[in-house]
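Protein chains in written order, with this note's numbering: chain A, 1 to 313; chain B, 1001 to 1113; chain C, 2001 to 2097. We put the CB at the ideal spot given by N, CA and C, even for glycine. Nothing here was measured: the structure is a model prediction, and the numbers come from that model.
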Amino acid sequence: MIDALNIGLAGLILGLAFWSIIAREAFAAVAGFMAYGLLLTLVWVQLHGIDVALTEAAIGGGLTGALLIGAVSRLRSTEAAARAEQPGAPARWLAAGVSAAVAAALALCVLVLPDPAPTLAPAVATHIAVTEVGNPITAVLMAFRAMDTLLEAIVLLFALIGVWSLAPDRFWGGRPGLRQHADPNGILAYVARILPPIGVIAGIYIFWVGADHPGGKFQGATLMAAMWLLVMMAGLADAPPISRTWLRLLLVAGPLVFIAIGVVGVVTADAFLAYPEGIAKPLILVIEFALMPTLTLILGLMLVGAPKRGPLP
Amino acid sequence: MNAATLFGLCAAALIGIGLYGLIVNPHPLRKILAFNVIGSGVFMLFGAIARRGAAAGMGGDPVPQALLITGIVVAFSATALAVALLLRLFDETGSVTLASDAPDKVQPGIDDA
Amino acid sequence: MSFILDLWTVIAVAGGAVFFLAGTTGLLRFPDALTRLHALTKADNLGLGLVVLGLLPQVDSVSTGLKLLCIWGLVLLSGATASQLIARALLRRDARP
């Protein structure tokens, strides 16, 4: 029975991916891609990666879909010109041949994977007691591979600065995106008042429970960023100007606290980002608390885009 | 064939489909979409390998899964940057062609950035 | 007792599946966007509701059951909002000359 479910899932996913590649209109392709992202969540559940499933649903399905739909609606007028540039049949056949060869090579690699599979799970299980965290993925992210998480936070910050830097000079320091207006008695404003409290509670809960159960700060921060975006889309709040000090302080607070704790580790435990005995869990909590606002702001602001209104004189 | 192998083969096929879309579609937004399909195929492959490493009471090897969470977030940020670049190109030139003989600016001096 | 609960689960989830099938058939076969919206809301409300009601006897704690009902409530809210917004946009588009 389970095998039929897996085969059905795989078939649907391949069909949706194919659809999003060959659909004629970009909007239809993006809609197919969003459905594809949500089905991918089910695949992750089948592969026993619940944390990854949560992240895929939130970021892969939700945020990426919102980003692409915004882009599609703005680029609607360019589709006809692009369609005129399509390559001819020989180029398509060559591309199909190359893609099939790559896929075949990868499939061969999958079929000759070593058996029994090498794994780090026993090593994690042996050492997880020291970190006082129950969820092995959180232990890996925040203790065993904390360097990766630090670099990821810094990369996100650089990506946001990259998006901001694409503003024309006259808009630098202003508010991202255009001012949204929605009927204050309409249903969008109503939902933007009802849903964010529920979403924020759910986001904080997912962040807090990630210490011992599937969850974590990335999934929680995505939920809260989504609620903020909903409020901005309904016109109930405006995007902050990017020159505000509080915004910039909150954005760098997460990585700075992380680096500071890492330096403390150099002094007290002989290695960058090593946690001294006994205070591993409090240090992890401090890092996560500092990273939550940073991640929420970065994820929300990356979706809104570069500044489009000039700073007030 | 267990679930991990099935989804590993599915991931290989996804990478192939995404590669075809990346090469063939001339519109940059469709290329970004195809790139995301390739990315999710790579992630699924990694996830299948993580599932094969199930041991010590866990359903899957946690180290690759943690790296996957990092990967998904960074892939989103790369997509956001690519879309921002594309929208700026559209604002500057009015079209999104990547051909090398396209005009550089709609009106000279409209805004120099 | 557990046989009756399992029977209820099977019947309710099967009923939910029927409504999902009906909604999808409507989406594919109805002639215009407003009628397709109408078909989709049947899948949302009745289909998901029956699935949730069918799964309720199988949960092992009250809080999980409450979470399932919360999920149904949130899907209803977001589905209703999206349908209203799409319908209003359609009316505005058709009203333009």
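For a contact meaning CB atoms closer than 8 Å, what does residue 40 of chain A contact in chain B? Residue mapping note: residue 40 of chain A aligns to position 40 of the first sequence, counting from 1. Ordered by position in chain B, the residues that pass the 8 Å Cβ test against residue 40 of chain A are 1040, 1044.
Beta-carbon gap between residue 238 of chain A and residue 170 of chain A smaller than 8 Å: For the purposes of this step, residue 238 of chain A is taken as the residue at position 238 of the first sequence. For the purposes of this step, residue 170 of chain A is taken as the residue at position 170 of the first sequence. Contact flag unset, no.
For my contact list, residue 103 of chain A and residue 1021 of chain B are in at a C-beta cut-off of 8 Å; report their separation, rounded to the angstrom. What you label residue 103 of chain A is simply residue 103 of the first sequence in a count that begins at 1. What you label residue 1021 of chain B is simply residue 21 of the second sequence in a count that begins at 1. Actually they are not in contact, since the Cβ atoms of residue 103 of chain A and residue 1021 of chain B sit about 13 Å apart, beyond 8 Å.
7 Å CB neighbourhood of residue 1041 of chain B in its chain, flanking five on each side removed: If you number the second sequence from 1, residue 1041 of chain B lands on position 41. The residues are 1011, 1014, 1015, 1018.
Could you tell me the alpha carbon to alpha carbon distance between residue 191 of chain A and residue 1069 of chain B, rounded to whole angstroms? Residue numbering aside, residue 191 of chain A sits at position 191 when the first sequence is read from its first letter. Residue numbering aside, residue 1069 of chain B sits at position 69 when the second sequence is read from its first letter. Approximately 30 Å, taken between the alpha carbons.
With distances taken Cα to Cα, identify the nearest neighbour of residue 64 of chain A among B:1048, B:1067, B:1039. Residue 64 of chain A sits at position 64 when you count from the first residue of the first sequence. When only C-alpha atoms are compared, the closest one is B:1039.
Assuming the contact rule is C-beta atoms closer than 8 Å, residue 1032 of chain B and residue 1083 of chain B should be a hit. Round their C-beta distance to whole Å, please. For the purposes of this step, residue 1032 of chain B is identified with residue 32 of the second sequence, where counting begins at 1. For the purposes of this step, residue 1083 of chain B is identified with residue 83 of the second sequence, where counting begins at 1. Between residue 1083 of chain B and residue 1032 of chain B the Cβ distance is about 7 Å, and since that is below 8 Å, they are a contact.
I need the straight-line Cα distance from residue 1113 of chain B to residue 2087 of chain C, nearest angstrom please. For the purposes of this step, residue 1113 of chain B is identified with residue 113 of the second sequence, where counting begins at 1. For the purposes of this step, residue 2087 of chain C is identified with residue 87 of the third sequence, where counting begins at 1. Any reading at residue 1113 of chain B needs caution, since the residue's pLDDT is 47, under 50, leaving its predicted position unreliable; the model's value is listed next. Distance between the alpha carbons of residue 1113 of chain B and residue 2087 of chain C is about 41 Å.
Identify whether residue 214 of chain A lies in helix, strand or coil by the three-state DSSP scheme. Locating residue 214 of chain A in the first sequence gives position 214, where the first residue counts as 1. Here residue 214 of chain A sits in coil by DSSP.
For residue 220 of chain A versus residue 242 of chain A, is the C-beta spacing smaller than 8 Å? By one-based count along the first sequence, residue 220 of chain A stands at place 220. By one-based count along the first sequence, residue 242 of chain A stands at place 242. Not a contact, by the Cβ cut-off of 8 Å.
Please name the residue in A:162, A:109, A:222, A:73 whose C-alpha comes closest to that of residue 196 of chain A. Start at 1 with the first residue of the first sequence, and residue 196 of chain A comes out as number 196. That would be A:222, whose Cα lies nearest to the Cα of residue 196 of chain A.
Taking 8 Å as the CB-CB cut-off, is residue 191 of chain A touching chain C? Stepping through the first sequence from its first residue, residue 191 of chain A is reached at position 191. It does: the Cβ of residue 191 of chain A has a partner Cβ on chain C nearer than 8 Å.
Tell me, to the nearest whole angstrom, how far the beta carbon of residue 2026 of chain C is from that of residue 2039 of chain C; I am working on the premise that it is less than 8 Å. Numbered from its first residue, the third sequence carries residue 2026 of chain C at position 26. Numbered from its first residue, the third sequence carries residue 2039 of chain C at position 39. Indeed they touch by this definition, with Cβ atoms about 2 Å apart.
Taking DSSP's pairing of strands, which residues face residue 176 of chain A in a bridge? Position 176 of the first sequence, counted from the start, is the residue given in the question as residue 176 of chain A. In DSSP, residue 176 of chain A forms a bridge with A:307.
Spell out whether any CB of chain A is found under 8 Å from the CB atom of residue 1077 of chain B. Sequence index remark: in the second sequence, residue 1077 of chain B carries index 77 (1-based). Cβ-Cβ to chain A under 8 Å: yes for residue 1077 of chain B.
Going by the CB atoms, is the gap between residue 156 of chain A and residue 1077 of chain B shorter than 8 Å? On the second sequence, residue 1077 of chain B is found 77 positions in, with the first residue counted as 1. On the first sequence, residue 156 of chain A is found 156 positions in, with the first residue counted as 1. Contact flag set, yes.
Sorted by chain position, which residues of the same chain lie with C-beta nearer than 8 Å to residue 303 of chain A's C-beta, five sequence neighbours on each side aside? Taking the first residue of the first sequence as position 1, residue 303 of chain A is located at position 303. Excluding residues within five positions, the ones whose Cβ falls inside 8 Å are 63, 66, 67, 70, 225, 229.
Determine the contact status of residue 294 of chain A and residue 89 of chain A, defining contact as a CB-CB distance below 8 Å. The residue given as residue 294 of chain A occupies position 294 in the first sequence. The residue given as residue 89 of chain A occupies position 89 in the first sequence. Not a contact, by the Cβ cut-off of 8 Å.
Curious, which full-length alpha helix (DSSP H) runs of at least 4 residues does the segment 1020 to 1062 of chain B contain? 1028 to 1052
Any C-beta of chain B under 8 Å from that of residue 218 of chain A: In the first sequence, counting from the first residue as 1, residue 218 of chain A sits at position 218. Residue 218 of chain A counts as touching chain B.
Quick check: the Cα distance between residue 201 of chain A and residue 270 of chain A, rounded to an integer number of angstroms? What you label residue 201 of chain A is simply residue 201 of the first sequence in a count that begins at 1. What you label residue 270 of chain A is simply residue 270 of the first sequence in a count that begins at 1. Rounded to whole angstroms, residue 201 of chain A to residue 270 of chain A spans 39 Å at the Cα level.
What residues of chain A sit near residue 1095 of chain B, judged by a beta carbon separation below 7 Å? Looking up residue 1095 of chain B in the second sequence gives position 95. 78, 81, listed in chain order.
Identify the contact partners of residue 1007 of chain B in chain A, using a Cβ-Cβ distance below 8 Å as the criterion. Indexing the second sequence from 1 puts residue 1007 of chain B at position 7. What residue 1007 of chain B touches in chain A: 6, 10, 43, 46, 47.
Is the beta carbon of residue 134 of chain A closer than 8 Å to that of residue 1050 of chain B? On the second sequence, position 50 is the one that residue 1050 of chain B refers to. On the first sequence, position 134 is the one that residue 134 of chain A refers to. No, Cβ-Cβ distance for residue 1050 of chain B and residue 134 of chain A is not below 8 Å.
Taking any Cβ of chain B, which residues in the segment 180 to 211 of chain A have a Cβ under 8 Å from it, in chain order? none
Closer than 8 Å, CB to CB, is residue 252 of chain A near chain B or not? Within the first sequence, residue 252 of chain A is the residue found at index 252, counting from 1. No, its Cβ sits nowhere closer than 8 Å to a Cβ of chain B.
What residue from B:1029, B:1052, B:1036 has the CA that sits closest to residue 119 of chain A's CA? Within the first sequence, residue 119 of chain A is the residue found at index 119, counting from 1. Of the candidates B:1029, B:1052, B:1036, the one whose C-alpha sits nearest the C-alpha of residue 119 of chain A is B:1052.
What is the DSSP secondary structure of residue 1110 of chain B, reduced to helix, strand or coil? The count along the second sequence starts at 1 and reaches residue 1110 of chain B at position 110. Unreliable placement is indicated for residue 1110 of chain B, whose pLDDT of 49 sits below 50; no coordinate value is reported for it.
Since residue 152 of chain A is in the alpha helix (DSSP H), which residue starts that stretch and which ends it? Counting from 1 along the first sequence, the entry for residue 152 of chain A is found at position 152. Where residue 152 of chain A is concerned, the enclosing alpha helix (DSSP H) stretches over 146 to 164.
How is residue 84 of chain A classed by DSSP in three states: helix, strand or coil? Residue numbering aside, residue 84 of chain A sits at position 84 when the first sequence is read from its first letter. It is coil, neither helix nor strand.
Cα separation between residue 98 of chain A and residue 105 of chain A? Residue mapping note: residue 98 of chain A aligns to position 98 of the first sequence, counting from 1. Residue mapping note: residue 105 of chain A aligns to position 105 of the first sequence, counting from 1. Cα to Cα, the separation comes out at about 11 Å.
Confirm, please, whether the CB-CB distance from residue 13 of chain A to residue 36 of chain A is below 8 Å. Taking the first sequence and counting its residues from 1, one reaches residue 36 of chain A at position 36. Taking the first sequence and counting its residues from 1, one reaches residue 13 of chain A at position 13. Taking 8 Å as the Cβ cut-off, residue 36 of chain A and residue 13 of chain A qualify as a contacting pair.
Counting only Cβ pairs nearer than 7 Å, list the residues of chain E close to residue 119 of chain A. Judged by its chain identifiers, the structure shown contains no chain E, and its protein chains are A, B and C.
Range covered by the alpha helix (DSSP H) that runs through residue 379 of chain A: Limits of chain A in this structure are 1 at one end and 313 at the other, which puts residue 379 of chain A out of reach.
Apart from the five residues on each side of it in sequence, which residues of its chain come closer than 7 Å, Cβ to Cβ, to residue 1088 of chain B? Residue mapping note: residue 1088 of chain B aligns to position 88 of the second sequence, counting from 1. Same-chain partners within the cutoff: there are none.
Could you name the residues of chain B that residue 227 of chain A contacts, counting a contact when the two beta carbons are closer than 9 Å? In the first sequence, residue 227 of chain A corresponds to position 227, counting from 1. Those do not exist, as residue 227 of chain A stays about 17 Å from chain B at its closest Cβ, beyond 9 Å.
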